[in-house]
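Residues in the sequence shown are numbered consecutively from 2, following the working numbering.
C-beta atoms are modelled at their ideal positions from N, C-alpha and C, and glycine is treated no differently.
Just so you know, these numbers come straight off a predicted model, no measurement behind them.
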Amino acid sequence: MATEAAFARWAQRVEASLDAALPNPDLAPQRLHAAMRHAALGGGKRMRPLLVYAAGTLTGADEAVLDAPATAVELIHAYSLVHDDLPAMDDDALRRGQPTVHVAFDEATAILAGDALQTLAFEVLAASQAGAVLRVAWLQTLARASGVAGMCGGQALDIDATGQRQSVEALQQMHALKTGALIRASVRLGALAGGVDEETLQRLDAFAEALGLAFQVRDDILDVEASSEVLGKTAGKDAAQDKSTYPALLGMDGAKAKLDQLAARMRELLGPFGTAASPLTALGELAVQRSH
């Protein structure tokens, strides 16, 4: 119950912080401002900001200090979804149970909304009340996870691999960049705020790496087993676009066995932290067990 209460509190904090950071929809350009808010507010699991708060509190950071990185990482995530859904990318009409931004507005507005959400993330970090050294570390962490060495690079590999059968190793490397890099950054952003030592940082990074992979394996399983209504996005897209997935390469039983291995790895890595890691443990379990 204490962990659930913490999650509810952190979700409220990041929602309020997002609302405050996003531009006023009554001010020009109203259409762009409305599209940004459509993309970022009132939906999603908030997994990445919750990871920021969970890692930060584990390492002794104050919740108020964590608001900026939690908000920034969610803005980056929102931008990535807006662009990922575009016709030139995954061409999806449904996200978080509502029309995607290019459907609700138009394609040009969606591109601009994604661009604006991305730059706003770095403005939020730069303007935070944290010390200069911490802010620079945050900016470097988030920029690297968002760019060619992270999310954008992974998306490019995903596009290149569409219609081709990848090896499990290539698939894992692609997802380590496309999905895993921002999840690892979320944990690192929180841990850095607590002034963590290098050994603890490495252990938390290894946990985040396992979590990012588990999140993607579960995502691939749900794309096969769940309905669009449950997922809040179009089911069966991977098969329709002839993409390599863990169920396609390992079989459904093999993919679920892989998920079990990752769950055990996460528990092993967090074990030395004891009950202080309860929020991170719960988020690991959520990644493995989630239904949407």
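Problem - Bounding residues of the alpha helix (DSSP H) (the contiguous stretch that carries HIS84) - result: Walking along the sequence shown from the start, residue 84 turns up at place 83. It spans 64-85 - the alpha helix (DSSP H) in which HIS84 sits, taken as one unbroken run.
Practice task
Run the CB neighbour count on GLY195, radius 10 Å, all protein chains shown included, and call it buried at 16 or more, exposed below.
Solution key: Residue numbering aside, residue 195 sits at position 194 when the sequence shown is read from its first letter. The residue in question, GLY195, is buried, as its Cβ has 16 or more Cβ neighbours within 10 Å.
Practice task
Go ahead and label GLU75 buried or exposed: buried means 16 or more other beta carbons lie within 10 angstroms of its beta carbon, across all protein chains shown.
Solution key: The residue labelled residue 75 in the question sits at position 74 within the sequence shown. Buried, because 16 or more other Cβ atoms sit within 10 Å of the Cβ of GLU75.
Handout entry: Buried or exposed by the 16-neighbour rule on C-beta atoms within 10 Å, applied to ARG166
Key = The residue you call residue 166 lines up with position 165 of the sequence shown. So ARG166 ends up on the exposed side.
Exercise for the section: Give the DSSP bridge partners of ARG96, in chain order. Expected result: The residue you call residue 96 lines up with position 95 of the sequence shown. Looking at the DSSP assignment, ARG96 forms a beta bridge with GLN99.
Problem - Touching by the beta-carbon criterion (3+ pairs, under 8 angstroms), the region 78-95 and the region 113-128 - result: yes
Problem - Own chain partners of ALA65 with C-beta closer than 7 angstroms, once the 5 adjacent residues on each side are dropped - result: Here residue 65 refers to the residue found at position 64 of the sequence shown. The answer is none, since no qualifying residue turns up.
Handout entry: Best match in LEU212, GLY191 and LEU95 for proximity to LEU202 [C-alpha to C-alpha]
Key = By one-based count along the sequence shown, residue 202 stands at place 201. The candidate whose alpha carbon is nearest that of LEU202 is GLY191.
Practice task
Please report how far the alpha carbon of LYS257 lies from the alpha carbon of GLY132, in whole angstroms.
Solution key: The residue labelled residue 257 in the question sits at position 256 within the sequence shown. The residue labelled residue 132 in the question sits at position 131 within the sequence shown. Looking at the two C-alpha atoms, the distance is approximately 43 angstroms.
Problem - Contacting residues, own chain, Cβ-Cβ under 6 angstroms from ASP85 (five flanking each side not counted) - result: Walking along the sequence shown from the start, residue 85 turns up at place 84. Result list for ASP85: ASP91, in chain order.
Exercise for the section: Classify THR180 as buried or exposed, calling it buried when 16 or more other Cβ atoms lie within 10 Å of its own Cβ. Expected result: The count along the sequence shown starts at 1 and reaches residue 180 at position 179. It counts as buried.
Problem - Assigned secondary structure, VAL169 (DSSP; H/G/I helix, E/B strand, else coil) - result: On the sequence shown, position 168 is the one that residue 169 refers to. VAL169: helix per DSSP, three-state reduction.
Handout entry: Three-state class that DSSP yields for ASP224 in the structure shown
Key = In the sequence shown, residue 224 corresponds to position 223, counting from 1. Here ASP224 sits in helix by DSSP.
Exercise for the section: Select from ALA29, ALA171, ALA17 and ALA162 the residue whose C-alpha is nearest the C-alpha of GLY43. Expected result: What you label residue 43 is simply residue 42 of the sequence shown in a count that begins at 1. Checked all of ALA29, ALA171, ALA17 and ALA162; the closest Cα to GLY43 is ALA17.
Handout entry: Cβ-Cβ distance between ALA288 and LEU212 below 8 angstroms
Key = In the sequence shown, the residue the question calls residue 288 occupies position 287. In the sequence shown, the residue the question calls residue 212 occupies position 211. In this structure, LEU212 lies closer than 8 angstroms to ALA288 by Cβ.
Handout entry: Reference GLY57, options ALA109, VAL218, LEU23 and LEU205, closest by Cα
Key = Within the sequence shown, the letter at position 56 stands for residue 57. The shortest Cα separation from GLY57 among ALA109, VAL218, LEU23 and LEU205 belongs to LEU205.
Problem - Simplified DSSP state of PRO88, which is helix, strand or coil - result: The count along the sequence shown starts at 1 and reaches residue 88 at position 87. Correct three-state label for PRO88: coil.
Practice task
For VAL188, name the three-state secondary structure that DSSP assigns.
Solution key: Numbered from 1 along the sequence shown, position 187 holds the residue referred to as residue 188. Helix at VAL188.
Handout entry: LYS259 in three-state terms, based on DSSP
Key = Here residue 259 refers to the residue found at position 258 when the sequence shown is read from its first residue. In the structure shown, LYS259 sits in a helix (DSSP, three-state: H, G or I).
Problem - Unbroken alpha helix (DSSP H) run spanning GLN130, endpoints - result: Here residue 130 refers to the residue found at position 129 when the sequence shown is read from its first residue. First-last for GLN130: undefined, no H or E at that position.
Practice task
Under 8 angstroms by Cβ, that's how I've got GLY155 and HIS176 pegged, so tell me the actual separation to the nearest angstrom.
Solution key: In the sequence shown, residue 155 corresponds to position 154, counting from 1. In the sequence shown, residue 176 corresponds to position 175, counting from 1. Sure, about 7 angstroms apart at Cβ, within 8 angstroms.
Handout entry: PRO280 - containing alpha helix (DSSP H), residue span
Key = Walking along the sequence shown from the start, residue 280 turns up at place 279. Note, PRO280: alpha helix (DSSP H), 279-290.
Handout entry: Cβ-Cβ distance between ALA55 and LEU251 below 8 angstroms
Key = Residue 55 sits at position 54 when you count from the first residue of the sequence shown. Residue 251 sits at position 250 when you count from the first residue of the sequence shown. Cβ atoms of ALA55 and LEU251: not closer than 8 angstroms.
Exercise for the section: Taking the CB atoms as reference points, tell me whether THR142 and ALA71 lie closer together than 8 angstroms. Expected result: To locate residue 142, count along the sequence shown from 1; it is residue 141. To locate residue 71, count along the sequence shown from 1; it is residue 70. Taking 8 angstroms as the Cβ cut-off, THR142 and ALA71 do not qualify as a contacting pair.
Handout entry: Short Cβ contact (8 angstroms threshold) for LEU59 with ALA264
Key = Residue mapping note: residue 59 aligns to position 58 of the sequence shown, counting from 1. Residue mapping note: residue 264 aligns to position 263 of the sequence shown, counting from 1. Cβ atoms of LEU59 and ALA264: not closer than 8 angstroms.
Handout entry: Contacting residues, own chain, Cβ-Cβ under 6 angstroms from PHE106 (five flanking each side not counted)
Key = Numbered from 1 along the sequence shown, position 105 holds the residue referred to as residue 106. Cβ neighbours of PHE106 beyond the five flanking positions: ALA36.
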